[in-house]
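Trainee: Residues in the sequence shown are numbered consecutively from 276, following this note's numbering. For each residue, glycine too, the CB sits at the ideal point set by N, CA and C. Once you've had a glance at the structure underneath, I'll fire off some questions.
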Amino acid sequence: MRVCIGWKEKRPKGRRGMRKLYVKTALTDVWSSPGDDPETARLTQALLGDAVEVEQERGGWVFGRVEDGYRGWLPASALTPEAPPPGREVLVCVPRAQLFREGLRAGAEEQQLPAHAFLGTRLVELGRLGETVEVAFPGGRALIAASAVNRLPSVSDAQGVPRAALYYARLLLSSPYLLGGITCSGVDCSGLVYIAYRTAGVILPRDADWQYDYTKEVASPAPGDLVFFATEEPGFPAHVGLYLGEECFLHASSRLGGVVVTSLHSPFYRRCYLGAHRLTFAKEGFPGAESEDTTRISI
276 MRVCIGWKEK
286 RPKGRRGMRK
296 LYVKTALTDV
306 WSSPGDDPET
316 ARLTQALLGD
326 AVEVEQERGG
336 WVFGRVEDGY
346 RGWLPASALT
356 PEAPPPGREV
366 LVCVPRAQLF
376 REGLRAGAEE
386 QQLPAHAFLG
396 TRLVELGRLG
406 ETVEVAFPGG
416 RALIAASAVN
426 RLPSVSDAQG
436 VPRAALYYAR
446 LLLSSPYLLG
456 GITCSGVDCS
466 GLVYIAYRTA
476 GVILPRDADW
486 QYDYTKEVAS
496 PAPGDLVFFA
506 TEEPGFPAHV
516 GLYLGEECFL
526 HASSRLGGVV
536 VTSLHSPFYR
546 RCYLGAHRLT
556 FAKEGFPGAE
566 SEDTTRISI
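This is the structure we're talking about:
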């Protein structure tokens, strides 16, 4: 069984009358306001194939909800009305995988392909060609190395998902820090947790405080559990990492410039440590991109 929080095996329709667009580039930023406003902040990022529920459009920009629950502005040039085709989905399981056209079966339409796809990107498998897989996504199709994708993961045991999430997070070691980022080109603390768990088959809320509220405190962390820190104000979970074991955690640190391993006993983090949390079952969820309250699932 695959547990999905925020997206389904068959993606459900959004609210009646709500227009949906899809990301056709490898990655696009989601901004707090459109255009070149100097006060604009990057809220999050969306990956190739991700859905955007459109609320308004203005001068080459689209305002809508992306799959991690954030609402913000995206460039219209990064979006297409063409939905992903039906079929078996695969997930990119390496930090960055090349997409290429050479060797596509006859009849593939001419298109401007994204050059690559990032960890956690969902693609539709069309067929296997030796060591490559033909995949489709909004706006076209391409080939990708078979070693760069996995079939959608099983999350049938409580230890498997955190272990898998930790494995994927470790792939991003030494990636630079980027506020709002979710990829090896730049990632923030909650973005690292989000993309690691997404690739493991579970979508968590996007921000550290949302992740804190959405998970359950445990007395003793196990590898892959979330560890939280009040780095900005007392009691507020502003920073999150993944517990590695042996009193160390993996995290994307603005102070340290990227994804690093740090001891829980380092003076700064020991002072602001709030505790460890684990994904558990509850009836309520968070508002995902499909305009539904998603369900928190026990694993």
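Work out the CA separation of E328 and Y548 for me, nearest whole Å.
Mentor: Approximately 37 Å between the Cα atoms of the pair.
Trainee: Between V410, G455, V369 and E409, which has its C-alpha nearest A440's C-alpha?
Mentor: Minimum Cα distance to A440 is reached at V369.
Trainee: What residue range is occupied by the uninterrupted alpha helix (DSSP H) comprising D484?
Mentor: A483 to Y489 is the span of the alpha helix (DSSP H), which, as asked, contains D484.
Trainee: Exposed or buried, S308, counting other C-beta atoms within 10 Å across all chains shown (16 or more means buried)?
Mentor: It is exposed - the Cβ of S308 has fewer than 16 other Cβ atoms within 10 Å.
Trainee: Is the beta carbon of L318 less than 7 Å from the beta carbon of P389?
Mentor: No, these two residues do not count as a Cβ contact at 7 Å.
Trainee: When you compare each of T396, A475, V341 and R546 to L374 by their alpha carbons, which one comes out closest?
Mentor: Of T396, A475, V341 and R546, the residue nearest in Cα terms is T396.
Trainee: Within 10 Å of its beta-carbon, does A392 have 16 or more other beta-carbons around it, so buried, or fewer, so exposed?
Mentor: With 16 or more Cβ atoms within 10 Å of its Cβ, A392 is classed as buried.
Trainee: Among G347, R294, P512 and F503, which residue has its Cα nearest to the Cα of T315?
Mentor: The candidate whose alpha carbon is nearest that of T315 is G347.
Trainee: So, do the stretch 472-492 and the stretch 523-538 have three or more beta carbon pairs nearer to each other than 8 Å?
Mentor: As far as the Cβ criterion goes, the stretch 472-492 does not touch the stretch 523-538, which means the pair count is below three.
Trainee: Look at A423 and A372 and say whether their C-beta atoms are less than 7 Å apart.
Mentor: Yes, they are a contact pair.
Trainee: What are the boundary residues of the beta strand (DSSP E) that L519 is part of?
Mentor: That run of the beta strand (DSSP E) goes H514 to G520.
Trainee: Tell me where the beta strand (DSSP E) around T319 begins and ends.
Mentor: Start and end: R317 to L322.
Trainee: Which same chain residues, not among the five before or five after V365, have their C-beta less than 8 Å away from its C-beta?
Mentor: Answer for V365: R397, L398, V399, E400, V408, V410, V424, N425, R426 and L427, listed in chain order.
Trainee: To the nearest angstrom, report how far apart K295 and P361 are at their CA atoms.
Mentor: In a straight line, the C-alpha of K295 is about 16 Å away from that of P361.
Trainee: Kindly provide the ranges of any beta strand (DSSP E) runs that are 3 or more residues long and lie completely inside the stretch 400-451, ordered along the chain.
Mentor: Runs found: 407-412, 415-420 and 424-426.
Trainee: Report the rounded CA-to-CA distance for E522 versus P480, giving the unit in angstroms.
Mentor: One C-alpha to the other measures close to 25 Å.
Trainee: When you compare the CB positions of A551 and V502, do they come within less than 7 Å of one another, or not?
Mentor: Yes.
Trainee: Do we get a CB-CB distance below 7 Å when we pair E330 with the residues of chain B?
Mentor: Absent here is chain B; the protein component of the structure consists of one chain.
Trainee: Give the list of continuous beta strand (DSSP E) stretches no shorter than 3 residues that lie fully inside the stretch 325-378.
Mentor: Complete beta strand (DSSP E) runs here, min 3: 326-333, 336-340, 346-350, 364-367 and 371-373.
Trainee: To the nearest angstrom, how far is the alpha carbon of G415 from that of K299?
Mentor: Rounded to whole angstroms, G415 to K299 spans 8 Å at the Cα level.
Trainee: With burial defined as no fewer than 16 other Cβ atoms inside 10 Å of the residue's Cβ, what is the status of K283: buried or exposed?
Mentor: For K283, the predicted model reports a pLDDT of 27, less than 50, meaning its position is unreliable and no value from the coordinates is stated.
Trainee: Using a 10 Å radius around the Cβ and a threshold of 16 neighbouring Cβ atoms, would you call S528 buried or exposed?
Mentor: Counting Cβ neighbours within 10 Å, S528 comes out buried, since at least 16 surround it.
Trainee: Go to A392, then tell me how far its beta strand (DSSP E) extends in each direction, as first and last residue.
Mentor: Counting along the chain, the beta strand (DSSP E) containing A392 begins and ends at H391 to F393.
Trainee: Report the residue from D325, E330 and D343 whose alpha carbon sits nearest the alpha carbon of E357.
Mentor: It is D325 whose Cα lies nearest to the Cα of E357.
Trainee: What does a CB cutoff of less than 6 Å around G466 pick up in its chain, not counting 5 residues either side in sequence?
Mentor: Excluding positions up to five away in sequence, the list reads G456 and I457.
Trainee: Excluding the five sequence neighbours on either side, which residues of its own chain have a C-beta within less than 7 Å of the C-beta of T303, listed in chain order?
Mentor: Closer than 7 Å at the Cβ level, and outside the excluded window around T303, lie Q320, A321, L349, P350 and A353.
Trainee: In whole angstroms, what is the alpha-carbon distance linking Y518 and G510?
Mentor: So the alpha carbons of these two residues sit roughly 20 Å apart.
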